[in-house]
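J.: Throughout, this note's numbering is defined as the position within the sequence shown, counted from one, plus 1026. Think of the CB as a built atom: it goes at the ideal place given N, C-alpha and C, for glycine as much as any other residue. None of these values were measured; they are calculated from a predicted model.
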Amino acid sequence: MRIVLGELPGLPYLPELPGRGPGADMIGRAAGLLVELAVALQPSGWRFADRPGRDTTRARSMLAQDLDTLEEQAREYEGPFKIQVAGPWTLAASIELRHGDRALRDPGAVRDLIASLAEGVAAHVAEVRRRLPRATILLQLDEPGLPGVLAGTVPTASGFSRLPAVEAPLVEDGLRRMIEATDAFPLVHCCAPRAPYGLLRAAGAKAVSVDAALLRREDEDTIGEAVEAGTGFLLGIVPGTDAPLPAPKASLSRVQELWRRLGFSPRVLAEGVAVTPACGLAGASPGYVRAALKHCREAARVLRETAED
1027 MRIVLGELPG LPYLPELPGR GPGADMIGRA AGLLVELAVA LQPSGWRFAD
1077 RPGRDTTRAR SMLAQDLDTL EEQAREYEGP FKIQVAGPWT LAASIELRHG
1127 DRALRDPGAV RDLIASLAEG VAAHVAEVRR RLPRATILLQ LDEPGLPGVL
1177 AGTVPTASGF SRLPAVEAPL VEDGLRRMIE ATDAFPLVHC CAPRAPYGLL
1227 RAAGAKAVSV DAALLRREDE DTIGEAVEAG TGFLLGIVPG TDAPLPAPKA
1277 SLSRVQELWR RLGFSPRVLA EGVAVTPACG LAGASPGYVR AALKHCREAA
1327 RVLRETAED
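(1) Cβ of C1322 within 7 Å of Cβ of V1294?
(2) If distances are taken between C-alpha atoms only, which option among E1324, A1239, V1328, V1264 comes closest to L1284?
(3) I'd like the ranges of any beta strand (DSSP E) spanning at least 3 consecutive residues and lying wholly in the segment 1044–1093.
(4) With which residues is V1264 paired in a DSSP beta bridge?
(5) What is the DSSP secondary structure of G1258, counted as helix, strand or coil?
(6) Can the beta-carbon of E1122 be found closer than 7 Å to that of R1128?
(7) Are the CB atoms of L1172 and P1212 nearer to each other than 7 Å?
(8) Can you list, in chain order, the stretches of the beta strand (DSSP E) that have 3 or more residues and sit fully within the segment 1185–1236?
(9) Quick one: Cα of K1320 to Cα of E1033, how far?
(10) Please report how far the alpha carbon of D1092 lies from the alpha carbon of P1041, in whole angstroms.
(11) Name the two residues that bound the continuous beta strand (DSSP E) containing P1114.
(12) Classify G1105 as helix, strand or coil using the three-state DSSP reduction.
(13) What first and last residue would you give for the alpha helix (DSSP H) that runs through D1127?
(14) Pick from G1079, A1210, R1084: whose alpha carbon is nearest that of P1048?
(15) Please report the Cβ distance between L1117 and L1089, rounded to the nearest whole angstrom; I am assuming they are in contact, meaning their Cβ atoms lie under 8 Å.
(16) If you follow the alpha helix (DSSP H) that T1332 is in, where does it begin and where does it stop?
(17) Kindly indicate the opening and closing residues of the beta strand (DSSP E) around D1168.
(18) Where does V1136 sit, in a helix, a strand or coil, going by DSSP?
(19) In three-state DSSP terms, what is V1175?
(20) Going by DSSP in three states, P1041 sits in which element: helix, strand or coil?
(21) Mark Q1110 as exposed unless 16 or more other C-beta atoms lie within 10 angstroms of its C-beta, in which case mark it buried.
(22) Where does V1111 fall in DSSP's three states?
(23) In chain order, what residues of the same chain have a beta carbon less than 7 Å from the beta carbon of V1065, not counting five sequence neighbours either side?
(24) Could you compute how far the alpha carbon of V1192 sits from the alpha carbon of R1028?
(25) Among V1154, A1276, I1249, P1181, which one has its Cα closest to the Cα of V1299?
(26) Which residues in the same chain have their Cβ closer than 6 Å to the Cβ of A1333, if we skip the five residues on either side of it in sequence?
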């Protein structure tokens, strides 16, 4: 938390540390927020259970400890502050029903999960706001599984088949319910190929976070429309695991070239884009984490200076 506040004073966030074990991982951490739905860890992964047990308790305990640390380190912080939680579709594609199939297969289970998660995330946002009374809360829904849900490529629990694709209007509605459950600034992160930019914007996301290396030429019209509509972008330009880092200007070349093709000025790029790691830093060493966050901050400075020239 001290590293984040020191290296990203303009947009800090609550770190996730999945290396601590089950319940600190993306799925277990979000499952711990569910209201009136319990989960338990099985050899195959997370599964719905009849009542909360030690796995749910551990997930909630670790999050509570993180919030205590957050309050201790950042209580007087004033400005935008980001928290993140696994989105409903990635959660539905990951948690199993009691009989072993993924929740995504059962529309009723998906509806219950979305309602439960929306209520739990709203309470979580309220708790963070209580601990950081001067901050403006940004809520990031992590949806790496979303393209697979839409394309029908999510494997069944056995791995021998694929679950049917979910229709785009249903996916959009589920995301909208999550976004409308709180008054936090909503953004969606999708570090998988074929992120559905138009759907995310229609669902109410005011910003989209993606890996810049996965941007495709066929997405450029949709991205341009989103930029013109005022949608912000968090573009991952820094590797998420230890790697040599070039000069910040070199890291920006892909993004700047995209903006030139779209016909937008450097000022629009500086005002509408934040630069980030590609997809989290859970696999990075502590030293690289500090270097990567510093690299993002310096790259943002280059964007601002370019816009002023």
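T.: The relevant details are as follows:
(1) On the sequence shown, position 296 is the one that residue 1322 refers to. On the sequence shown, position 268 is the one that residue 1294 refers to. Contact: no.
(2) For the purposes of this step, residue 1284 is identified with residue 258 of the sequence shown, where counting begins at 1. Of all alpha-carbon atoms in E1324, A1239, V1328, V1264, the one lying nearest the alpha-carbon of L1284 is that of A1239.
(3) As far as the segment 1044–1093 is concerned, its whole beta strand (DSSP E) runs of at least 3 residues are 1064–1068, 1071–1075.
(4) Along the sequence shown, read from residue 1 onward, the residue named residue 1264 stands at position 238. V1264 is bridged to P1303.
(5) In the sequence shown, the residue the question calls residue 1258 occupies position 232. Here G1258 sits in strand by DSSP.
(6) The residue labelled residue 1122 in the question sits at position 96 within the sequence shown. The residue labelled residue 1128 in the question sits at position 102 within the sequence shown. The answer is yes: Cβ separation under 7 Å.
(7) As a first step, residue 1172 is located in the sequence shown; it is residue number 146 there, counting from the start. As a first step, residue 1212 is located in the sequence shown; it is residue number 186 there, counting from the start. A distance of 7 Å or more separates the beta carbons of L1172 and P1212.
(8) Complete beta strand (DSSP E) runs here, min 3: 1211–1215.
(9) Stepping through the sequence shown from its first residue, residue 1320 is reached at position 294. Stepping through the sequence shown from its first residue, residue 1033 is reached at position 7. K1320 and E1033 have their C-alpha atoms roughly 6 Å apart.
(10) Within the sequence shown, numbered from 1, the residue matching residue 1092 stands at position 66. Within the sequence shown, numbered from 1, the residue matching residue 1041 stands at position 15. Rounded to the nearest whole angstrom, the CA to CA distance from D1092 to P1041 is 8 Å.
(11) Position 88 of the sequence shown, counted from the first residue, corresponds to residue 1114. Per DSSP, P1114 belongs to no beta strand (DSSP E); it is in the alpha helix (DSSP H), 1114–1118.
(12) Translated into positions along the sequence shown, residue 1105 becomes position 79. Reduced to three states, the DSSP call for G1105 is strand.
(13) Reading the sequence shown from its first residue, position 101 is the one you call residue 1127. According to the DSSP assignment, D1127 belongs to no alpha helix (DSSP H), since it is labelled neither H nor E.
(14) The residue given as residue 1048 occupies position 22 in the sequence shown. Ranking the options by Cα distance to P1048, first place goes to R1084.
(15) Taking the sequence shown and counting its residues from 1, the one referred to as residue 1117 is at position 91. Taking the sequence shown and counting its residues from 1, the one referred to as residue 1089 is at position 63. Incorrect: roughly 15 Å between the Cβ atoms, too far for contact.
(16) As a first step, residue 1332 is located in the sequence shown; it is residue number 306 there, counting from the start. Start and end: 1312–1334.
(17) Mapped onto the sequence shown, residue 1168 falls at position 142. For D1168, the enclosing beta strand (DSSP E) starts and ends at 1161–1168.
(18) Here residue 1136 refers to the residue found at position 110 when the sequence shown is read from its first residue. Helix at V1136.
(19) Taking the first residue of the sequence shown as 1, we reach residue 1175 at position 149. The answer is helix: DSSP assigns V1175 an H, G or I state.
(20) By 1-based counting over the sequence shown, the position of residue 1041 is 15. DSSP places P1041 in coil when its eight states are reduced to three.
(21) Locating residue 1110 in the sequence shown gives position 84, where the first residue counts as 1. With 16 or more Cβ atoms within 10 Å of its Cβ, Q1110 is classed as buried.
(22) Here residue 1111 corresponds to residue number 85 of the sequence shown, with the count starting at 1. V1111 falls in the strand class under three-state DSSP.
(23) Taking the first residue of the sequence shown as 1, we reach residue 1065 at position 39. Taken in chain order, the residues that qualify are A1057, W1072, R1073, F1074, A1075, D1081, T1082, I1121.
(24) To locate residue 1192, count along the sequence shown from 1; it is residue 166. To locate residue 1028, count along the sequence shown from 1; it is residue 2. Note on geometry: alpha-carbon atoms of V1192 and R1028 lie some 41 Å from one another.
(25) Stepping through the sequence shown from its first residue, residue 1299 is reached at position 273. Distances from the CA of V1299 to each of V1154, A1276, I1249, P1181 were compared; the closest alpha carbon is that of I1249.
(26) Sequence index remark: in the sequence shown, residue 1333 carries index 307 (1-based). Cβ within range, chain order: P1292, R1293, A1296.
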